[in-house]
Amino acid sequence: MIPYRRICCAAAAVLPFAAACDSSTTVPRTGLSASAVAEQTKHTSTPNAFTVFASGFDNPRGLTFGPDGNLYVAEGGRGGATTTVGQCTQVVAPVGPYTSGRTAHISKVSRTGVRTVIADNLPSSQTSVALGSLVSGVADVTFIGRTLYALLAGAGCSHGVADVPNGIIKVGPNGQWSLVANLSAFLMAHPVAHPEPDDFEPDGTWYSMVAVHDQLFAVEPNHGEVDRISPRGEIKRLVDVSASQGHIVPTSIAHHGVLYLANLNTFPVMPGSSKLMQVTPSGRLHVQMSGLTAVTGLAFDHEHRLYALETTGCPSQPCFPTPGTGRVVRIDDHGKLVPIVTGLTTPTAMTFGPDRKLYISNNGYGAPAGAGQIVRVDVSDKDK
120 MIPYRRICCA AAAVLPFAAA CDSSTTVPRT GLSASAVAEQ TKHTSTPNAF TVFASGFDNP
180 RGLTFGPDGN LYVAEGGRGG ATTTVGQCTQ VVAPVGPYTS GRTAHISKVS RTGVRTVIAD
240 NLPSSQTSVA LGSLVSGVAD VTFIGRTLYA LLAGAGCSHG VADVPNGIIK VGPNGQWSLV
300 ANLSAFLMAH PVAHPEPDDF EPDGTWYSMV AVHDQLFAVE PNHGEVDRIS PRGEIKRLVD
360 VSASQGHIVP TSIAHHGVLY LANLNTFPVM PGSSKLMQVT PSGRLHVQMS GLTAVTGLAF
420 DHEHRLYALE TTGCPSQPCF PTPGTGRVVR IDDHGKLVPI VTGLTTPTAM TFGPDRKLYI
480 SNNGYGAPAG AGQIVRVDVS DKDK
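Numbering (the numbering used here), first residue to last: 120 to 503.
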């Protein structure tokens with residue numbers, strides 16, 4: 120018999136990056152009730168509409184604008200049928216065993232919304248059929264100078280990929296790529312203080328990444344950590360989130376003077392239970408506020424305002440990802456959440472463009488192949 124806790128953990132793999140269970144204005148640090156969240160999100164303006172900027176993506180994830188002005192999008196891919204059962208430790212049922220293929224890729228989108236695949240045949244893995252064959256692949260992309268780096272989340276032997284670990288890769292101008300840092304090996308050699316035994320992925324389920332001063336900072340939700348990676352492949356743990364916060368499933372990272380971190384939390388979703396945290400350069404973690412819900416993205420606009428992407432709302436309980444209930448909120452100076460756009464379906468990441476518009480990966484998981492979108496929102500008419 121599968122314990123209820125494990126069922127919760129498995130259900131959370133609907134978000135394929137993490138099978139997850141269990142000095143600004145501060146709001147209460149415990150999860151808020153649904154009524155408290157509603158009070159916190161009161162506003163006088165209506166949320167903005169979004170338009171589809173580009174389509175045809177396979178599980179779109181992290182995205183960034185390059186120095187050439189084009190948008191680069193990480194894609195999870197379509198998984199595959201290759202198995203490593205018998206070769207290494209597998210992720211336990213019902214999440215595993217995973218199977219894999221070389222179906223993940225990275226796309227470039229022109230200013231007019233034309234999509235071109237620039238790197239393909241990257242590792243993509245999927246959960247068990249019992250859990251819906253949900254896909255992980257390339258998790259995020261970012262630039263240091265003119266060099267493109269990508270974060271792999273669908274690789275590693277425990278994900279059905281025997282020959283490529285999860286890690287950071289460098290992508291060349293012709294789509295060729297090389298491994299810069301082996302994050303799978305780092306996780307196995309450096310366990311966190313409080314891993315969750317009922318929900319453990321040996322290779323990790325890496326989610327987001329940001330470049331700061333020629334260094335990369337990557338978030339791993341399943342173990343609960345933020346690591347610093349140099350372009351030479353040197354890896355150092357910046358903060359063990361599990362040590363102070365437990366299994367809260369950190370997902371999202373942004374930089375604005377210091378690093379900001381937010382989390383998904385465990386499933387079923389409890390409205391208002393996700394946190395906004397700061398991470399200092401020395402690795403100290405400070406909780407700034409709670410009251411967010413199932414966060415999968417953070418971004419600052421050109422006026423230094425912070426936005427959070429909530430992948431789902433909670434129209435009923437128990438709450439799991441629900442199509443059409445994702446939203447973006449802006450966190451104002453008083454800790455209130457101002458809805459910017461609503462009606463999103465399983466969004467996974469967001470970034471601001473040079474045009475000051477917000478770009479969001481929509482239909483980012485659990486959708487049919489090719490159904491992923493990048494949607495665009497003009498936030499300029501919102502209250503300041």
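The beta-carbon is built from N, C-alpha and C at its ideal position, and this holds for glycine as well.
message: Does the contact criterion of 3 or more C-beta pairs under 8 Å hold for the region 418-427 versus the region 483-496?
response: The answer is no - the region 483-496 does not touch the region 418-427, with fewer than three Cβ pairs under 8 Å.
- Task: Work out the CA separation of residue 184 and residue 227 for me, nearest whole Å.
- Result: The straight-line gap from Cα to Cα measures roughly 9 Å.
Hey, residue 301 and residue 291: beta-carbon distance below 7 Å or not? For residue 301 and residue 291, no; Cβs fall outside 7 Å.
Taking buried to mean at least 16 other C-beta atoms within 10 Å of its own C-beta, is residue 429 buried or exposed?
By the neighbour-count criterion, in which 16 or more other beta carbons inside 10 Å mark a residue as buried, residue 429 falls on the buried side.
Note to self: With a threshold of 6 Å on Cβ separation, who are the neighbours of residue 315 within its own chain once the five nearest residues in sequence on each side are excluded?
What the structure shows: Excluding sequence neighbours, residue 315 sits near 366.
Count the other CB atoms within 10 Å of the CB of residue 443; is the residue buried (16 or more) or exposed (fewer)?
By the C-beta density criterion, residue 443 is exposed, having fewer than 16 other C-beta atoms within 10 angstroms.
Item checked: Range of the contiguous beta strand (DSSP E) that encloses residue 172 -> From DSSP, the beta strand (DSSP E) with residue 172 extends over 170-176.
Problem - Buried versus exposed, by CB contacts within 10 Å (16 or more), residue 322 - result: With a 10 Å radius around the Cβ and a threshold of 16 neighbouring Cβ atoms, residue 322 comes out buried.
- Which residue or residues does DSSP assign as beta-bridge partners of residue 369? Bridge pairing for residue 369: 382 [DSSP].
### Task
In angstroms with no decimal places, state the Cα-to-Cα distance between residue 414 and residue 384.
A straight-line Cα-Cα distance of about 8 Å links residue 414 and residue 384.
Inset, instruction - Determine the burial state of residue 240: buried for a count of at least 16 other Cβ atoms within 10 Å of its Cβ, exposed for fewer. - result: That one is exposed.
Exercise. Give the C-beta separation of residue 193 and residue 259 to the nearest angstrom, bearing in mind that I take them to be a contact with Cβ-Cβ under 8 Å.
Key: 5 Å between Cβ atoms; contact.
Excluding the 5 residues preceding and the 5 following residue 204 in the sequence, name in chain order all residues of the same chain whose CB lies nearer than 6 Å to its CB.
So the qualifying residues of the chain are 216.
Item to complete: Measure the beta-carbon distance from residue 448 to residue 426 and round it to whole angstroms, keeping in mind my assumption that it falls under 8 Å.
Response: Taking 8 Å as the upper bound for CB-CB distance, residue 448 and residue 426 are in contact here, some 7 Å apart.
**Extent of the continuous beta strand (DSSP E) to which residue 397 belongs** = Counting along the chain, residue 397 sits inside the beta strand (DSSP E) bounded by residues 393-398.
ask   = Are the region 266-275 and the region 242-250 touching by the rule of at least three beta carbon pairs closer than 8 Å?
value = Output reads yes: the region 242-250 touches the region 266-275.
Query - residue 471 - containing beta strand (DSSP E), residue span - result: Per DSSP, the unbroken beta strand (DSSP E) holding residue 471 starts and ends at 468-471.
**Request:** In angstroms with no decimal places, state the Cα-to-Cα distance between residue 489 and residue 212.
**Result:** Spanning the alpha carbons of residue 489 and residue 212 requires a straight line of approximately 28 Å.
Fill in: Start-end ranges of the beta strand (DSSP E) lying completely within the region 391-471, minimum 3 residues
Entirely contained in the region 391-471, the beta strand (DSSP E) runs reaching 3 residues are, in chain order, 393-398, 404-411, 414-419, 425-429, 445-450, 456-463 and 468-471.
*Does DSSP classify residue 254 as helix, strand or coil?*
In the structure shown, residue 254 sits in a strand (DSSP, three-state: E or B).
Inset, instruction - With DSSP as the reference, label residue 349 as helix, strand or coil. - result: Reduced to three states, the DSSP call for residue 349 is coil.
Helix, strand or coil at residue 374 [DSSP, three-state]: Three-state DSSP puts residue 374 in a strand.
Next on the checklist: Considering just the uninterrupted stretch of the beta strand (DSSP E) at residue 490, what are its terminal residues?
Outcome noted: Going by DSSP, residue 490 is part of no beta strand (DSSP E) at all; its letter is neither H nor E.
Can you list, in chain order, the residues of its chain with a C-beta nearer than 8 Å to that of residue 310? Leave out the 5 residues immediately preceding and following it.
Counting only Cβ-Cβ distances below 8 Å, and skipping sequence neighbours, we find 342.
- Could you have a look at residue 364 and say whether DSSP puts it in helix, strand or coil? Looking at residue 364 - three-state DSSP - the assignment turns out to be helix.
Q.
Excluding the 5 residues flanking residue 402 on each side, which residues of the same chain have their C-beta closer than 6 Å to its C-beta?
A. 357 and 358, listed in sequence order.
Ignore the nearest five residues each way along the sequence and tell me which others in residue 355's own chain have a CB closer than 6 Å to its CB. Counting only Cβ-Cβ distances below 6 Å, and skipping sequence neighbours, we find 347.
Whole-Å CB distance - residue 257 paired with residue 269, under 8 Å assumed: Indeed they touch by this definition, with Cβ atoms about 5 Å apart.
* Enumerate in chain order the residues of its own chain whose CB-to-CB distance from residue 363 is below 8 Å, with the five nearest sequence positions on each side excluded. => Cβ within range, chain order: 404.
- Query: What is the rounded straight-line gap between the Cα of residue 424 and the Cα of residue 339?
  - Reply: Answer to the nearest angstrom: the Cα atoms are 25 Å apart.
>> Considering only the alpha carbon of each residue, which of 222, 210, 231 and 206 lies closest to residue 474?
In response: Closest in C-alpha terms to residue 474, from the list 222, 210, 231 and 206, comes 231.
Taking the alpha-carbon positions, what's the residue 349 to residue 335 distance? Taking the straight line from one Cα to the other gives about 6 Å.
Contacting residues, own chain, Cβ-Cβ under 6 Å from residue 236 (five flanking each side not counted): Spatial neighbours of residue 236 in its own chain (CB-CB distance under 6 Å, excluding positions within 5 residues in sequence) are listed in chain order as 224 and 226.
Does residue 156 pass the burial test, meaning 16 or more other C-beta atoms within 10 Å, or should it be called exposed?
Note that residue 156 scores a pLDDT of 38, beneath 50, so its modelled location is shaky; the value from the coordinates is reported in the next line. Flag for residue 156 reads buried.
Quick check on residue 178: buried or exposed, where buried means 16 or more other Cβ atoms within 10 Å of its Cβ? The residue is buried, with at least 16 neighbouring Cβ atoms inside 10 Å.
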